[in-house]
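Worksheet: the structure to be examined is printed underneath.
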């Protein structure tokens, strides 16, 4: 990621969203591989991270992705009932509901986080989901969370300096008495 941690312009100069995709090894990652081998054309915006199961996606991974400049996060897992680890996708579904509430409380729009069940044979669906998510994120615009964090950090520094100045003045008044 670049030093500003914001999405870089596309080759034509227009902004292009960054998507971090956490894909299950057994289904969604295999489907993404199938899409590539089949030479299906889809937006190059997603950076895929392969995990053994969607149930292994820790909520902190999602928060870190947004904090590091992602404009959207896509989680892909096996269809319910098809998980190679029995209940991993149901575990992800519970975490997804928690993440949606947490991100809403943080002011992050709901379409920036997406969960999809995609089997190994659904390369076409991977293409459709990535293209659709890219289009939705383009309509929302950049998230700008790292920039917002930097602004908050500068506000905290200013507040800290103000508090230290006030404490210094109070200490001077106390010593003068």
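Residue numbers (this note's numbering): 4 to 180. From the three backbone atoms N, C-alpha and C, an ideal C-beta is built for every residue, glycine too.
Taking the alpha-carbon positions, what's the residue 89 to residue 56 distance?
10 Å
| Alpha carbon to alpha carbon, how far is residue 23 from residue 41? | 22 Å
- Message: Does residue 23 come out as helix, strand or coil in the three-state DSSP assignment?
- Response: strand
**Asked** Considering only residues of the stretch 38-81, which uninterrupted beta strand (DSSP E) runs meet the minimum length of 3 residues and lie entirely inside it, listed in chain order?
**Response** 49-54 and 75-80
Point to revise | First and last residue of the uninterrupted alpha helix (DSSP H) at residue 115 | key: That residue, residue 115, is in no alpha helix (DSSP H); it is neither H nor E in DSSP.
Cβ neighbour criterion (16 or more within 10 Å) applied to residue 117: buried
- prompt: Which ranges does the alpha helix (DSSP H) cover as unbroken runs of at least 4 residues, wholly within the stretch 88-131, from first to last along the chain?
  reply: 91-108
For residue 18, which of helix, strand or coil comes out of DSSP? strand
- Query: So, do the stretch 97-104 and the stretch 60-78 have three or more beta carbon pairs nearer to each other than 8 Å?
  - Reply: yes
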